[in-house]
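Visitor: Dropping the structure in here first, questions after.
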Amino acid sequence: MTEAVRTHGLFKRYGPQIAVAGIDLVVPAGSFAGLVGPNGAGKTTSLSMITGLLRPDGGQAEIDGFDVWRDPVEVKARIGVLPEGLRLFERLSGRELLLYNGRLRGIPKADVEQRAGELLRVMDLADAADKLVVDYSTGMRKKIGLAAALLHNPSVLFLDEPFEGVDPVSANTLTEVLWRYTASGSTVIFSSHVMDLVERLCDWVSVMSAGHIVAQGPLEKVRAGRSLNQAFLELVGGPRDNGDSGLTWLGRGKQEPA
Ligand code: ATP
Numbered sequence: 016m017t018e019a020v021r022t023h024g025l026f027k028r029y030g031p032q033i034a035v036a037g038i039d040l041v042v043p044a045g046s047f048a049g050l051v052g053p054n055g056a057g058k059t060t061s062l063s064m065i066t067g068l069l070r071p072d073g074g075q076a077e078i079d080g081f082d083v084w085r086d087p088v089e090v091k092a093r094i095g096v097l098p099e100g101l102r103l104f105e106r107l108s109g110r111e112l113l114l115y116n117g118r119l120r121g122i123p124k125a126d127v128e129q130r131a132g133e134l135l136r137v138m139d140l141a142d143a144a145d146k147l148v149v150d151y152s153t154g155m156r157k158k159i160g161l162a163a164a165l166l167h168n169p170s171v172l173f174l175d176e177p178f179e180g181v182d183p184v185s186a187n188t189l190t191e192v193l194w195r196y197t198a199s200g201s202t203v204i205f206s207s208h209v210m211d212l213v214e215r216l217c218d219w220v221s222v223m224s225a226g227h228i229v230a231q232g233p234l235e236k237v238r239a240g241r242s243l244n245q246a247f248l249e250l251v252g253g254p255r256d257n258g259d260s261g262l263t264w265l266g267r268g269k270q271e272p273a
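Counting from 16, one number per residue, gives the positions in the sequence shown under our numbering.
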């Protein structure tokens with residue numbers, strides 16, 4: 016198995032809070048991989064360390080065999096990233112943003128123009144290509160961010176909650192682009208809370224809980240005959256509080272004390 020991503024004891028703490036507790040994350044090349052876990056499990060922190068955006072306190076991360084922190088140039092040429100809370104150049108149009116990104120990546124001008132045009136069309140952004148990014152909707156920002164992340168044809172693509180705020184038609188388009196991308200041998204790793212989506216798209220899953228990887232492997236193995244949602248609830252401990260013990264004041268029909 017060739018590995019697109021491999022971490023060894025990757026570790027991060029914020030003061031007393033251990034955000035990522037020394038994880039060994041593995042993603043085989045060519046996978047459509049899902050990183051799932053409850054709020055605060057450490058997904059964003061892990062992805063930030065693996066993509067060179069946040070320095071780990073311990074451990075290593077490798078992309079295609081290159082160490083993220085020792086060979087940053089090799090790694091950055093190979094990855095595309097759609098981070099959480101993506102910051103974009105707001106005063107550029109969508110097309111200008113892509114052309115600028117392409118030039119930063121050293122792609123010849125004619126190639127950038129052709130790729131940008133195709134990406135804008137596929138992402139259904141052709142009509143908004145000359146609109147400023149500041150005027151884009153949440154979903155449009157996700158799509159232009161994804162287009163920018165794909166422009167240099169990376170071999171590994173990292174997406175933090177890529178479908179959040181994206182309408183179903185656009186989500187379908189994104190899915191098709193990503194399927195085609197992985198079918199050619201490239202790798203996608205995305206974090207999500209939407210189990211149905213992960214179950215439908217992914218062939219590899221890593222489940223995080225409280226900074227640890229609690230399950231990892233081919234989707235069928237992690238599911239083990241259950242729905243992914245069921246497997247997830249069992250792995251991360253299920254609902255912590257079913258609500259019976261509080262919120263008695265919430266809802267209609269309760270009398271306020273006189
Ligand atoms: P979500 O699904 O809610 O986005 P997540 O799995 O991506 O969550 P992280 O954002 O990685 O989780 O957070 C992991 C832990 O680290 C949480 O307990 C969080 O409070 C803590 N944490 C994350 N970033 C910081 C920070 N900059 N300073 C302090 N604590 C942080």
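Ideal placement from N, C-alpha and C gives every residue a C-beta, glycine not left out.
Using a threshold of 7 Å, is the CB atom of G57 nearer than that to any non-hydrogen atom of ligand 1?
Guide: For ligand 1, at least one heavy atom lies less than 7 Å from the Cβ of G57.
Visitor: Taking only the alpha-carbon atoms, compute the straight-line gap between A163 and R102 and give it to the nearest angstrom.
Guide: Cα to Cα, the separation comes out at about 12 Å.
Visitor: Name the DSSP beta bridge partners of V41, please?
Guide: Answer is R21, bridged to V41.
Visitor: Relative to the C-alpha of L97, which residue among G67, L161, A186 is closest?
Guide: Ranking G67, L161, A186 by Cα distance to L97 puts L161 first.
Visitor: Alpha carbon to alpha carbon, how far is L113 from E18? Give it in angstroms, no decimals.
Guide: Their Cα atoms are separated by approximately 29 Å.
Visitor: Taking 7 Å as the line, does the beta carbon of Q231 fall inside it for any heavy atom of ligand 1?
Guide: No.
Visitor: With burial defined as no fewer than 16 other Cβ atoms inside 10 Å of the residue's Cβ, what is the status of A34: buried or exposed?
Guide: Buried, since its Cβ has 16 or more Cβ neighbours within 10 Å.
Visitor: Please tell me whether, using a cut-off of 7 Å, the distance from the CB of F52 to the nearest non-hydrogen atom of ligand 1 is below it.
Guide: Residue 52 is actually Gly in this sequence, not Phe. For ligand 1, at least one heavy atom lies less than 7 Å from the Cβ of G52.
Visitor: Compare the C-alpha of I38 against each of G30, G240, S61, P31 and name the closest.
Guide: Answer by Cα proximity: S61.
Visitor: Indicate whether at least one CB of chain D lies closer than 8 Å to the CB of G100.
Guide: Any reference to chain D falls outside this structure, which holds one protein chain only.
Visitor: My output table needs one value for L166: the three-state DSSP class, helix, strand or coil.
Guide: Here L166 sits in coil by DSSP.
Visitor: Tell me whether Y196, by its Cβ, gets closer than 7 Å to a heavy atom of ligand 1.
Guide: No; taking the cut-off as 7 Å, the Cβ of Y196 has no heavy atom of ligand 1 nearer than that.
Visitor: Do you know offhand how far A141's Cα is from I65's?
Guide: Between A141 and I65, the C-alpha separation is close to 32 Å.
Visitor: State the Cα-Cα distance for the pair D139 and E191, rounded to the nearest angstrom.
Guide: If I take the Cα positions, the gap works out to 13 Å.
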